[in-house]
Amino acid sequence: MAESVDHVTPAQQQQQQQQQQQQQDTLEAQVTPRLSLASLRTRLRRVFTFGPHETDPDILEQWLQTSDHSQKEFLRDYKKLKQSPGKRFIESLARYHVFSSHAPLHRGNGSAASESAQMSSITVSQALDEFSHRLRASSNASLRICVLSMKLPDSLHSVLFRFKDNLFRTTEKLNARCDMPSRSILYLIQKECDHSKTWIQHSFVRNISHAQRPQVLPSKLKPLRRFHLLHENGNSSTFELAFVSSAPSYHSDLYEYTWQRQTHHPPIEHVVFSTSERGSDGSRSVLISIDSDREYSKGEGCAKILRAFSDRLTSVLPIPCSDRSPCSTESAYLGALFTVLIILAETTNDFINSVHQITASLRYRGRSHPSGSKHHYLSHLDDNRRIAVCSVEDALELIAEIEVPVNGCSDVRVLRVELSGIKRDLEYLKDQLGALATQISTLQAMLKEKMELRQLRRTYILTVLAAIYPPFALMTSFYGMNISDPLWPTKK
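Be aware that the sequence shown starts at 1, since it is given in UniProt numbering, and climbs by one per residue.
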């Protein structure tokens, strides 16, 4: 009896399997929309979220979180940046040169030469980690020279920052985000090279002062300090030069009247040359930071100086840096210093040539159409010239400081540029800038004279019209009266 109850026919087994399959299909049909809806919700949250994605901290994050000068806002924005494409991130902002007394000078950009740097999928975090490893690998070098542009090129803005990244942000926060890539590299340089955390602090200062240097009596001038690298002095040093690469173009009278450029400080680039203190093994590190005081700068001026430095450094240093032409630490350092001075001379010369072209054009345009906008533009142009003069004077003062120890150094003889030639060029540029002052003031006087003559002509015409109009107006009002009712009756 029990056997008949427990016995199941094949038809019943097939029917049970069909029922189980139907139940499983029904359950999957109910769960699948929920899963697809959840995945869609997750994707939409990732696309439209403005918060940082949780990823493992990299070398820079770990160091900033444990260091004394960690910045919460910087870390919050950096978490959004580090997963962006970073193939051209380092090479567009930094150049890195390593010199060792036992090996030739290694020249190159900030990107590593490994295969990972050539991959299009490399992120900003990976590029920074690779750059940090290269800095750490060169810790035993006698001299490390790093050139850093503090302004992001315009070509990388659309790559690193999307529209949703800049939405609902103030101008100050937008500027901070644009400066974040260069500051990331600067933090890494400070982590690997500046153990005292003192000699590159100047590069973190964002508010550039435009105050003029105070005048000092000749009897109160201090003697020039000795050139630190050629002596046993192990302290750090910093000097700054302002670059005026090209004159601001004149567009039109309406443009000058609208923007009033003469009321603002001229846009310039600043180059800060910072040298670290001497290490226990005698090694040095040099940071050359290039920054612009323009609030909405596209970084083209800084990128131009960055490229010029790498090209000029190759032409200044001996070729090759080998046993036949020795290139010591002092000669490599002087080569970097001479390169900055050469770029200053070249950019100042370009500025002078552009001013000559502008004044030649305004001379004839001012005669035919004199205006106050042209006069104000020349005032703005003269402000640029004054900054160029101050920069050349600072460079000549630096040359006067290092001229005696450099001429007595045997290592400078291997360089393909002489300090006396750079000094002669800067003195010539100083004279040319002085001649530009006379040229600009003469052109302003001509514009003022033409405007006065034009105003005198208008005044003369108005005077003649005023002398003619009142009598004619009186006669017209007298003879134009309504005489339909005459003053005397007519006889019929």
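Cβ coordinates follow ideal geometry from the N, Cα and C atoms, glycine included. As the structure is a prediction and not an experimental result, all values here were calculated from the model.
What is the rounded straight-line gap between the Cα of residue i and the Cα of residue j?
i, j, result
"D291", "V417", "26 Å"
"L462", "G299", "52 Å"
"S328", "N140", "15 Å"
"residue 500", "Y96", "There is simply no residue 500 to check, as the chain begins at 1 and stops at 492 in what is shown."
"S84", "A445", "55 Å"
"S391", "E277", "26 Å"
"P267", "K80", "31 Å"
"Y333", "L443", "44 Å"
"Y460", "Y469", "14 Å"
"R183", "S285", "18 Å"
"F89", "V124", "7 Å"
"G366", "L419", "42 Å"
"F131", "E403", "36 Å"
"R458", "H270", "47 Å"
"S111", "G86", "Caution is warranted here: a pLDDT of 42 is assigned to S111, below 50, making its placement in the model unreliable, and no coordinate value can be reported."
"S236", "T347", "28 Å"
"S283", "S158", "40 Å"
"L474", "A467", "12 Å"
"Q19", "D129", "59 Å"
"H210", "D382", "Its pLDDT being 49, under 50, H210 is placed unreliably by the model, and nothing is read from it."
"Q260", "D431", "30 Å"
"L313", "R424", "20 Å"
"I122", "D77", "19 Å"
Inspect the beta-carbon positions of residue i and residue j and report whether they are closer than 8 Å.
i, j, result
"L396", "L426", "yes"
"I189", "L135", "yes"
"D281", "S331", "no"
"F273", "V316", "no"
"C146", "A94", "yes"
"V414", "P318", "yes"
"D394", "L241", "yes"
"Q262", "H133", "no"
"S373", "Y257", "yes"
"A303", "P153", "yes"
"I343", "A400", "no"
"I422", "F338", "yes"
"V389", "A247", "no"
"G301", "S249", "no"
"V98", "S149", "no"
"H375", "L447", "yes"
"R363", "L433", "no"
"L429", "A336", "no"
"F243", "I305", "yes"
"F239", "L398", "yes"
"S361", "D253", "no"
DSSP on residue i, reduced to helix/strand/coil?
i, result
"E73", "helix"
"Q470", "The identity of residue 470 in the sequence shown is Pro, whereas the question assumes Gln. In this structure, P470 counts as helix in the three-state DSSP scheme."
"C146", "strand"
"Y78", "helix"
"A308", "helix"
"V272", "strand"
"V340", "helix"
"V392", "helix"
"G372", "helix"
"V124", "helix"
"D291", "strand"
"S410", "helix"
"E449", "helix"
"S139", "coil"
"R365", "helix"
"K151", "coil"
"G279", "coil"
"G301", "helix"
"S477", "helix"
"P266", "coil"
"P248", "coil"
"I189", "helix"
"D382", "helix"
"S4", "Because S4 sits at a pLDDT of 43, beneath the cut-off of 50, its placement in the model cannot be relied upon, and the following sentence gives the value as read from the coordinates. Correct three-state label for S4: helix."
Give me the DSSP bridge partner(s) of residue i.
i, result
"P85", "T123"
"H97", "I145"
"T258", "Its beta-bridge partners do not exist; DSSP assigns none."
"V316", "According to DSSP, which records beta bridges pairwise, V316 is partnered with nothing at all."
"L241", "V271"
"R284", "L143"
Verify the CB distance criterion: does residue i have a CB-CB separation below 8 Å to chain D?
i, result
"N407", "Although the question refers to chain D, the structure presented lacks it and comprises just one protein chain."
So within the segment 415–449, which uninterrupted alpha helix (DSSP H) runs reach at least 4 residues, ignoring any that extend past its ends? none
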